[in-house]
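*Asks:* Got a structure for you, written out below as structure tokens; questions coming shortly.
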């Protein structure tokens, strides 16, 4: 009779969860960038009001 190797799987879900959470965060960031780009194509700008300590002029 032959011996079979027993496959032992230890649950180390923390590695998988970290990868999955990173993937979710990347997809959310991409969605924000796509949304901002869609508004920019229509001429709407979303950005900081202050750059390098100087307030930007508003067009409204």
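In my numbering, the protein residues as written are 98 to 157.
Glycine is no exception: its CB is placed at the ideal position from the N, C-alpha and C atoms.
The structure presented is a predicted model; accordingly, all values stated were derived computationally and were not measured.
Using the C-alpha atoms, what's the distance from residue 120 back to residue 144?
*Replies:* Looking at the two C-alpha atoms, the distance is approximately 25 angstroms.
*Asks:* Could you tell me the alpha carbon to alpha carbon distance between residue 116 and residue 124, rounded to whole angstroms?
*Replies:* 12 angstroms
*Asks:* Please report the distance separating the alpha-carbon of residue 127 from that of residue 146.
*Replies:* If you take the alpha carbons of residue 127 and residue 146, they lie about 22 angstroms apart.
*Asks:* Output needed for residue 136: all residues of its chain with C-beta closer than 8 angstroms, excluding positions within five of it in sequence on either side, in chain order.
*Replies:* 142 and 143
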